[in-house]
Amino acid sequence: MANTSAMASTPPTGHLGPGAVRPEYIVGGYEAQRFTHPYMARLYRNNLNGNVGFCGASTISRLWVLTAAHCVLNMQPAALHVGIHRHDVVALHTFEDDCAENIRAVEIVVRPEYEVHTSVSADIALIRLERATTCSFDHLGLDDGTFWPPDAIPPIRTATVIGWGATGQDAGQARYLKQLETTLFNELECSRFLNMGFDGHDGLHVDHGELCAGVYDPDLRGWERYTDLDGICSGDSGSPLFVIDKAGQRIQVGVVSSILTFCGDKTAPALYARVAGHKEWIKQAANVVLQTRQSGPMAHIGDDA
1 MANTSAMAST
11 PPTGHLGPGA
21 VRPEYIVGGY
31 EAQRFTHPYM
41 ARLYRNNLNG
51 NVGFCGASTI
61 SRLWVLTAAH
71 CVLNMQPAAL
81 HVGIHRHDVV
91 ALHTFEDDCA
101 ENIRAVEIVV
111 RPEYEVHTSV
121 SADIALIRLE
131 RATTCSFDHL
141 GLDDGTFWPP
151 DAIPPIRTAT
161 VIGWGATGQD
171 AGQARYLKQL
181 ETTLFNELEC
191 SRFLNMGFDG
201 HDGLHVDHGE
211 LCAGVYDPDL
221 RGWERYTDLD
231 GICSGDSGSP
241 LFVIDKAGQR
251 IQVGVVSSIL
261 TFCGDKTAPA
271 LYARVAGHKE
281 WIKQAANVVL
291 QTRQSGPMAH
301 IGDDA
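Residue 280 in the UniProt record's numbering sits at position 280 of the sequence shown, with consecutive numbering throughout.
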């Protein structure tokens, strides 16, 4: 997330992958309260210079995390660590409490349709950890389609996306976890966005495997469009998009996937993999039960996976 006054002096541009720009950071937003999102995880790539954080993820059990397929496509598990229960991610090996840890990955499962077509509608993957997390967290409930059925208007319009990443177009990554409130759009609304003539996106459409969300302000014009910024960019890829329902339950509806134009553009929504559209695959691949309700207490040491 960024202070918009610190953005680059020229409009940010760039397109990576077929028909989409991969997100790098949340632009705007604010620092999250420490450990209010214990289900948030950070992916680290091992290299000769140490461990480098590059994507977000969410824990769905003590052994599995959910992320975006483009984050881990063609990666070997041995090259990947997952940071659990972190807020400050600069000091990788400095742990802030008894639940913070880094765990090796032992299996990466990419949605097969993404491996073939690199489609946004299949931009979802699972990572199995070498061992169970030390603590049992209150994982996000995963929408199985009962909260937000396909083709329906979102029952709750306001959602939250969280992540670490650069705090501006030319800035370094955020040290502390940040969050941003954003608006959910149904498939019809999203399809209208995709047919508004965004460069390189003519003919794109959404299906039940993806969704649109954004801090939408269609009245922004001219240079203001490049300075009044809120949204996602690459590096927040894989991070969860969730809502808080009337009962106070946090339900993950999406996984950060891609953007239509540039980071933080409030005249265009971002694209997310839709959790409910992949429910059967998640169940089978990770052998977990999807549920709309959150699971377990916030953090207990030694509970079962």
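Beta carbons are placed, not taken as given, at the ideal position from N, Cα and C, and that holds for glycine.
Keep in mind that this is a model prediction, so the values were computed, not measured.
- In this structure the region 78-87 touches the region 30-48; the number of beta carbon pairs closer than 8 angstroms is three or more.
- The residue from Cys212, Phe95, Ala286, Ala276 with its alpha-carbon nearest to that of Ile232 is Cys212.
- Using a 10 angstroms sphere on the CB of Val65, the tally of other CB atoms reaches 16 or more, which defines it as buried.
- When only Cα atoms are considered, Asn102 and Cys135 end up about 12 angstroms apart.
- With contacts defined as CB atoms closer than 8 angstroms, Lys178 and Tyr30 qualify as a contacting pair.
- Distance from the CA of Arg104 to the CA of Glu187, rounded to the nearest whole angstrom, comes to 37 angstroms.
- In the DSSP annotation of this structure, Glu96 is not part of any alpha helix (DSSP H), being labelled neither H nor E.
- In the DSSP assignment, Phe185 falls within the unbroken beta strand (DSSP E) covering 178-185.
- Leaving aside the five residues that flank Ile153 on each side, the residues in its chain whose CB is nearer than 6 angstroms to its CB run, in chain order, Asn186.
- Following the DSSP letters along the chain, one finds Ala68 in no beta strand (DSSP E), marked with neither H nor E.
- For Ala276, there is no enclosing beta strand (DSSP E), as DSSP marks it with neither H nor E.
- Within the same chain, and ignoring the five residues on either side of Pro150 in sequence, the residues whose Cβ sits closer than 7 angstroms to its Cβ are His208.
- Secondary structure of Phe193 (DSSP, three-state): helix.
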